[in-house]
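Below is one structure, written out as structure tokens; comments come after it.
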Amino acid sequence: MDDQVLRPAVGGPDAGYLLEFLQDGVFVTIYPSDGAEMLFELSDVRQSLQENGVIDYDIIELSKIIREAAGQPRKIADEYVEVMEEENEILSAEEKKAAEQEEIDESEQAGLIIDVSRDQMIATVRYDTTKGSGLPSAAEVKEALSEKGVVFGINEEAIEKGVKSLTPFVAAEGKQVQHGDNARIERKFDLSNKNKPKIDEYNRANYKDMGLFVLAKKGDLLAVRIPQTEGVPGKNIFGIDVPARTGRPIPIPQGKNTEVRNENELYATMSGQIVDNPRRIDIDPHLEIRSSVGAGTGNIDFVGGVSIKGNVEAGFIVKATGDIEIGGMVNGADVSGRNILIKGGIVGQNRGLVKATEDVRALFAENANIEAGRDVVITDTILHSNVRAGKCIYVEERKGIITGGSVAASEEIRCKLVGNPAAVVTRLSVGVDPTVQQKYTDLCKECKADRARLKQITQMLNTLGKIDVSRLPQQRIDQINALTRSQFPLAGKIKRAEKEIIELEEAMGRMSDGKIRVTDTIYPGVRISINSIMMNVQSTIRRCLLTVKDDRINIGTY
-17 MDDQVLRPAV
-7 GGPDAGYLLE
3 FLQDGVFVTI
13 YPSDGAEMLF
23 ELSDVRQSLQ
33 ENGVIDYDII
43 ELSKIIREAA
53 GQPRKIADEY
63 VEVMEEENEI
73 LSAEEKKAAE
83 QEEIDESEQA
93 GLIIDVSRDQ
103 MIATVRYDTT
113 KGSGLPSAAE
123 VKEALSEKGV
133 VFGINEEAIE
143 KGVKSLTPFV
153 AAEGKQVQHG
163 DNARIERKFD
173 LSNKNKPKID
183 EYNRANYKDM
193 GLFVLAKKGD
203 LLAVRIPQTE
213 GVPGKNIFGI
223 DVPARTGRPI
233 PIPQGKNTEV
243 RNENELYATM
253 SGQIVDNPRR
263 IDIDPHLEIR
273 SSVGAGTGNI
283 DFVGGVSIKG
293 NVEAGFIVKA
303 TGDIEIGGMV
313 NGADVSGRNI
323 LIKGGIVGQN
333 RGLVKATEDV
343 RALFAENANI
353 EAGRDVVITD
363 TILHSNVRAG
373 KCIYVEERKG
383 IITGGSVAAS
393 EEIRCKLVGN
403 PAAVVTRLSV
413 GVDPTVQQKY
423 TDLCKECKAD
433 RARLKQITQM
443 LNTLGKIDVS
453 RLPQQRIDQI
463 NALTRSQFPL
473 AGKIKRAEKE
483 IIELEEAMGR
493 MSDGKIRVTD
503 TIYPGVRISI
513 NSIMMNVQST
523 IRRCLLTVKD
533 DRINIGTY
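Going left to right, the sequence shown walks through residues -17 to 540 as my numbering numbers them.
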């Protein structure tokens, strides 16, 4: 603030607050208390304001400033009244003479001015000394308040004290309204570290410990509802009630496998993993298999989460609506769930599919088929596999190699090495959601076949139209009628497919630019596709960031 100071400041850091009197108003600074008890009360600040002639201010705003304790000057009033100089101030002889000439008749009583705050909660008495400086009586002050309509919160003690000097004072205060608190839910579990790698003391991420599950036991307290509270009405100095708002209620988030007790407590009715949705809390039961999935168990189709201590053998299926954790290998099997964590590797044997609606994490992938709605994280290598991710693919730990096959992500691929010195064909694609791309490819292929079929039917009907159908046997006539009927639904199917193809093309055109980060080497034989722009790698590229710039693939430094 660059304003000229018109009066010495009051208070300071030692007092906990500071009042500054500047040209554009009165400013208050509340210093933070550093966790200790506050050095002052609200009444102390108000007393200082009163003693310095500050009478028109918002007490609610002052209370808010004190609570925030931001340590910054905040404007509390536009103006203040000049108070009488201290009795011990020495006036010059010339000033004394001027004062004697302008001396006010003390026999005349000072006028009473009643100021009411904007919220009608405070009445302040100040004096008009232009005609006299005589002090009024307490009864006269009360009468003036009554004439102003002030009937509530009158402070008798403050009036008795205030009529002893010409200093402005607060004569009445209303009862502040207290609005009710909204109901709220206190969750008794922590999901903040879910799906995040554990960080060790050396700030290294451990991708083997991802904390994919947060489990609850039967009878565990999951959440507590703190009910809404009723407000406390207030009353202004004119005796008018100020209504209070009642807090808003909130339903308790009861979901699957939970129950409400004592009206406001939510408990788990069975053990399982916690699924916290915006409006409800569910418990997914968790299936634990202490062996491999194979001939001894059969296929697994489970509603909830599944943990498998051993392997998933070739030809078997593990299907779950929740997360799946596999302690061993996946060998040519089908595994589908929400998040899939495979502590061993995936040996696809050119069959089987590992498919997750969210993330897939594994040690390595060889001749495997992997699909993830979000990320794929492979610790070591991807060899001759087809991998698709809705967001990113990470192959950054250990060897970090991608060789052979096709690897596609919507946003980004990160690895150390791509291809090999033998120039094995390896395809990397980013910038287009592979799921959308696959749907587009399949739909185009299907639509092409349907068009050919419709063309064939049309040609056959045109040829048959030149024949006298009445001379044909009934069986042949029925075949012609069947062909005629089949062309209409087929034409409708083609029209719908063409519309969907256009929509998919527009969706792929809106997708964000993709990136490929390689910390070591890209060998010749690698085929890059970014936002449908192609590039065949002809020579070795080291430590690079591949993006699209000016409709060309740009090779930048990592």
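Glycine residues also receive a C-beta, built at the ideal position from the N, C-alpha and C atoms.
T501 has its alpha-carbon roughly 56 Å from the corresponding atom of K57. In this structure V336 is buried. Its beta-carbon is surrounded by 16 or more other beta-carbon atoms within 10 angstroms.
Partner residues in a beta bridge of T501, as assigned by DSSP, do not exist. Just so you know, the alpha carbons of M311 and Y540 end up roughly 34 Å apart.
Assignment of S388 by DSSP, reduced to helix, strand and coil, places it in the strand class. Check the Cα spacing between Q236 and each of V206, N536 and G382: the tightest is with V206.
Beta-bridge partners of L44 (DSSP): none assigned. In this structure R108 is not in contact with D101, their Cβ atoms being roughly 19 Å apart against a cut-off of 8 Å. Considering only N349, I375 and A347, the residue with the shortest C-alpha distance to V358 is I375.
Listed in chain order, the beta strand (DSSP E) runs fully inside the region 336 to 410 are 336 to 338, 342 to 344, 351 to 354, 358 to 360, 363 to 371, 374 to 377, 383 to 391 and 394 to 400, counting runs of at least 3 residues. Under the DSSP assignment, R320 falls outside any beta strand (DSSP E); it carries neither an H nor an E label.
Secondary structure note for N444: its alpha helix (DSSP H) is the uninterrupted segment P416 to L446. Nearest Cα to A121 within the set L436, N137 and T112: N137. Distance from the CA of D40 to the CA of L0, rounded to the nearest whole angstrom, comes to 17 Å. C-alpha of Q54 to C-alpha of P(-5): approximately 12 Å in a straight line. If the five residues before and after G538 are omitted, its C-beta is found closer than 6 Å to the C-beta atoms of L527, all from its own chain and listed in chain order.
The continuous stretches of beta strand (DSSP E) do not include R333, and DSSP gives it neither H nor E. In the three-state DSSP reduction, Q54 falls in the coil class, being neither helix nor strand. E2 is classed as buried because its beta carbon has at least 16 other beta carbons within 10 Å across all chains shown. DSSP, read as helix, strand or coil, puts P(-10) in strand.
Under the three-pair Cβ rule at 8 Å, the region 425 to 442 does not count as touching the region 392 to 412. With respect to the 8 Å criterion, G507 and G401 are classified as neighbours on the basis of their beta carbons. As a beta-bridge residue in DSSP terms, D283 pairs with K301.
Bounds of the beta strand (DSSP E) holding R108 are I104 to D110.
Shown here for K301: same chain residues with a beta carbon closer than 6 Å to its own, the five before and five after excluded, namely D283 and S318 in chain order. The C-alpha of D316 is placed about 12 Å away from the C-alpha of Q331. Per the C-alpha coordinates, the member of S274, A(-9) and R524 positioned closest to L31 is A(-9).
With a minimum length of 4 residues, the unbroken runs of alpha helix (DSSP H) contained wholly in the region 128 to 193 fall at 138 to 144.
By the CB criterion at 8 Å, G201 and A140 fall outside the cutoff. Contact annotation: L436 and L472 have beta-carbon atoms nearer than 8 Å. Considering only I37, E43, A59 and S15, the residue with the shortest C-alpha distance to A51 is S15. Within a 10 Å sphere around the beta-carbon of K170 sit fewer than 16 other beta-carbons, which makes this residue exposed. In the displayed model, K475 falls within a helix according to three-state DSSP. In this chain, the alpha helix (DSSP H) harbouring V27 covers L24 to E33. In the DSSP assignment, S15 falls outside any beta strand (DSSP E) and carries neither an H nor an E. The criterion of a C-beta distance shorter than 8 Å is satisfied by D432 and A479.
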